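Chemist: Numbering (my numbering), first residue to last: 172 to 336.
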Amino acid sequence: MADLSETDFDSLLNELAAPDELDIEDSSEFDVDFDSLLKEDLVDEEVFNHEEPAPEAEDARPLGEDDFVDIDSLLEQSDDAELEHEPYNDVNIDLGLSEFDALLAGDNPTDVDAESGGYSAKLDLARAYIEIDDFDSALKVIEDVIAKGPQEVQEEALSLQAKLQ
Numbered sequence: 172m173a174d175l176s177e178t179d180f181d182s183l184l185n186e187l188a189a190p191d192e193l194d195i196e197d198s199s200e201f202d203v204d205f206d207s208l209l210k211e212d213l214v215d216e217e218v219f220n221h222e223e224p225a226p227e228a229e230d231a232r233p234l235g236e237d238d239f240v241d242i243d244s245l246l247e248q249s250d251d252a253e254l255e256h257e258p259y260n261d262v263n264i265d266l267g268l269s270e271f272d273a274l275l276a277g278d279n280p281t282d283v284d285a286e287s288g289g290y291s292a293k294l295d296l297a298r299a300y301i302e303i304d305d306f307d308s309a310l311k312v313i314e315d316v317i318a319k320g321p322q323e324v325q326e327e328a329l330s331l332q333a334k335l336q
């Protein structure tokens, strides 16, 4: 540790940051034809950037200020226009679920939370609080269920409360 306290880190970093001097005489072994490389790059760019000239319109004329259409008038025209074919009039939304009537709720769906006066949902909320480690909020909800909820839900709430304490 004593060796590190006497080390001059700034000078070490400066030595690392300083680039090595290049010896031009050694560069002769790297014989590169830069002109041919430039020509290849230019040819490649011409291939990728080749664009067809835009065809001239027959009635091409300079545009004046009156040649532009106001967006409000375009929207007004589109609202007034009648569509030849309305795509949503002929939509068939029959998904073929009629063969699963026994599995579907039908006309009298049962809300499981309504049967317990919504206290089952409060117990679910308490479980969510427990999952995120908010035990104080979970205990408040559990105590509310124990005080006001139906018997079967109170039993679940008591078991959750016992697990927390």
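All C-beta atoms, glycine included, are put in the ideal place defined by N, C-alpha and C. Owing to the predicted nature of the structure, the values given are computational and were not obtained by experimental measurement.
Note down the Cα distance separating S269 from P258, rounded to an integer number of angstroms.
Modeler: In the sequence shown, residue 269 corresponds to position 98, counting from 1. In the sequence shown, residue 258 corresponds to position 87, counting from 1. In this structure, the CA atom of S269 is about 25 Å from the CA atom of P258.
Chemist: Around the C-beta of V316, are 16 or more other C-beta atoms found within 10 angstroms, so that it is buried, or is it exposed?
Modeler: As a position in the sequence shown, residue 316 is number 145, starting the count at 1. Classification of V316: buried, given that the 10 Å Cβ count is 16 or more.
Chemist: Nearest CA to the CA of G288: which residue from I303, R298, D204 and K319?
Modeler: Taking the first residue of the sequence shown as 1, we reach residue 288 at position 117. Closest by alpha carbon: K319.
Chemist: Measuring straight from C-alpha to C-alpha, what distance separates N260 and E253?
Modeler: The residue you call residue 260 lines up with position 89 of the sequence shown. The residue you call residue 253 lines up with position 82 of the sequence shown. The straight-line gap from Cα to Cα measures roughly 14 Å.
Chemist: Quick one, are the C-beta atoms of V312 and K334 less than 8 Å apart?
Modeler: Translated into the one-based positions of the sequence shown, residue 312 becomes position 141. Translated into the one-based positions of the sequence shown, residue 334 becomes position 163. Not a contact, by the Cβ cut-off of 8 Å.
Chemist: Going by Cα to Cα distance, which pick from A328, D179 and F271 is closest to I301?
Modeler: Counting from one through the sequence shown, the residue named residue 301 turns up at place 130. Ranking the options by Cα distance to I301, first place goes to A328.
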